[in-house]
Amino acid sequence: MDSSASTEPCDPLADPHALARDAARVIAERTGIGRHHIALVLGSGWGQAGELVGATLASVDNIDVPGFGAAAVAGHTGVIRSVAVGDTGKHALVYGTRTHFYEGRGVDAVVHGVRTARATGCETIVLTNGCGGLDPAWRPGTLVLIRDHINLTGATPLRGPTFVDLSDLYSSRLRALAHEVDPSLPEGVYVQFRGPQYETPAEVRMARTIGGDLVGMSTTLEAIAAREAGLQILGISLVTNPAAGISTTPLSHDEVLEAGRAAAPRASALLADIVRRIA
Ligand code: 8IG
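So the sequence shown is residues 197 to 475, counted in the numbering used here.
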């Protein structure tokens with residue numbers, strides 16, 4: 197076997213936690229910020245939402261940090277920023293993009309940002325995404341707090357007999373805090389499909405039948421890894437489109453980007469306010 201095979205994502209001998217510690221060391225060196233307190237993962241439609249959190253102190257290109265790939269999705273930026281959270285003295289680690297399971301780089305690549313966040317000192321992570329909505333009343337641009345999830349990827353970031361408890365995975369304390377900022381925020385159960393194709397209408401009906409409110413292609417594997425790492429988790433979805441079969445129009449990525457642009461001011465303000473309260 198060729199020795200370069202040891203860096204393949206599915207090599208059981210590779211240690212993803214060691215790679216995350218490496219990445220955290222490089223982030224500290226390149227940003228000059230020795231410790232971060234809260235991590236933000238900006239999903240589809242959330243690109244500008246980090247701006248109001250505070251001043252960007254430093255940024256690093258993903259490709260310069262061990263284990264991070266370049267951005268694979270249009271509208272995402274492959275940059276990691278270190279942001280001052282208002283005047284709290286705390287630092288946010290802001291990921292402008294994420295690795296999706298459908299990219300085929302393996303689950304460890306998907307959750308690498310989460311593990312790296314923990315290794316930089318973060319105690320809380322805010323996972324955001326753009327997704328399809330199952331409730332027809334949730335127009336494009338609706339923000340929804342994730343109350344719980346259903347992981348339909350068939351994958352897990354955990355290895356071996358690691359029996360992690362997922363009760364209250366999306367912290368009820370942090371959801372209550374978000375509700376202090378905006379009491380009108382609805383909550384929902386996020387269903388992760390593998391993607392990259394959107395669902396069929398029948399799959400959307402199934403998601404509804406099993407208790408889902410939102411359908412998407414991210415977040416659940418990251419939340420599991422975050423819980424394993426001991427992070428507090430807040431999940432916020434931006435409904436960018438009605439899920440397939442909920443409305444009569446076909447889904448398009450342009451629609452997703454447009455809904456994101458339209459909802460950006462509200463999403464940004466909400467995120468900034470929440471992050472300051474957490475910090
Ligand atoms: I943005 O309708 C976005 N991401 N699976 N289904 C799935 N992922 C999505 C959708 C959607 N919209």
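Note that CB positions come from ideal geometry on N, CA and C, so glycine has one too. Quick caveat: nothing in here was measured; it's all calculated off a predicted structure.
By how many angstroms is the C-alpha of residue j removed from the C-alpha of residue i?
i: G274; j: V290; result: 11 Å
i: A425; j: A460; result: 30 Å
i: G412; j: P446; result: 16 Å
i: A372; j: A235; result: 19 Å
i: D283; j: V377; result: 18 Å
i: V261; j: I276; result: 9 Å
i: D361; j: R355; result: 14 Å
i: A288; j: S278; result: 6 Å
i: R217; j: A398; result: 42 Å
i: C318; j: K286; result: 10 Å
i: A280; j: G250; result: 5 Å
i: N437; j: L365; result: 25 Å
i: G309; j: Y394; result: 24 Å
i: V322; j: A468; result: 11 Å
i: D257; j: G326; result: 23 Å
i: S363; j: L434; result: 23 Å
i: D198; j: A210; result: Confidence at D198 is low in this model, with a pLDDT of 44, below 50, so its placement is unreliable and no value can be given for it.
i: V222; j: R311; result: 14 Å
i: T320; j: H232; result: 10 Å
i: Q388; j: T415; result: 7 Å
i: I515; j: A351; result: The question about residue 515 has no answer here: the residues shown for the chain are numbered 197 through 475.
i: R168; j: V452; result: The requested residue 168 does not occur in the structure, where the chain is confined to residues 197 to 475.
i: A455; j: P357; result: 41 Å
i: T293; j: T405; result: 31 Å
i: M402; j: G239; result: 24 Å
Looking only at its chain, what residues have a beta carbon closer than 8 Å to the beta carbon of residue i, apart from the 5 residues adjacent to it on each side?
i: G407; result: I346 and V385
i: R462; result: G337 and L339
i: P392; result: H296, Y298 and M413
i: V400; result: G328, L330, V411, A439, A440, G441 and I442
i: A254; result: R226, T227, G228, I229, R277 and S278
i: T396; result: A440 and G441
So, at 7 Å on beta carbons, what are the nonlocal neighbours of residue i in its own chain, with the 5 sequence-adjacent residues on each side left out?
i: S367; result: Q428, I429 and L430
i: G230; result: A224
i: A374; result: L341, L381, L430 and I470
i: S464; result: Q244, A245, E247 and L248
i: A458; result: G337
Can you list, in chain order, the residues of its chain with a C-beta nearer than 6 Å to that of residue i? Leave out the 5 residues immediately preceding and following it.
i: P212; result: D304
i: V306; result: T295, F297 and L417
i: A315; result: A216, R217 and A220
i: T203; result: In this predicted model, T203 has a pLDDT of only 47, less than 50, meaning its place in the structure is not dependable; the value taken from the coordinates is given anyway. Taken in chain order, the list of residues that qualify is empty.
i: A313; result: A235, L289 and I321
i: P353; result: V303, V307, L417, I420 and A421
i: T252; result: R277 and V279
i: G263; result: L215, A219 and H308
i: H449; result: none
Under the DSSP definition of a beta bridge, which residues are partnered with residue i?
i: V275; result: D257
i: G291; result: The amino acid occupying residue 291 in the given sequence is Tyr; Gly does not appear at that position. Per DSSP, V237 and I276.
i: S433; result: N325 and V340
i: A440; result: S443
i: Q388; result: N347 and G412
i: E383; result: L341
i: T498; result: What is shown of the chain runs 197 to 475, which leaves residue 498 out entirely.
i: T320; result: I234 and Q428
Next item on the list: Could you please go through the chain and list the residues whose beta-carbon is closer than 6 Å to any non-hydrogen atom of the ligand 8IG?
Entry: S240, G326, C327, G328, F389, G391, Y394, E395, V411, G412, M413, T436, N437, A439, L447 and V452
Notebook entry, point to check: Touching or not, the segment 437-454 and the segment 317-333, by the rule of three or more beta carbon pairs under 8 Å?
Noted result: Counting Cβ pairs under 8 Å, three or more are found: they touch.
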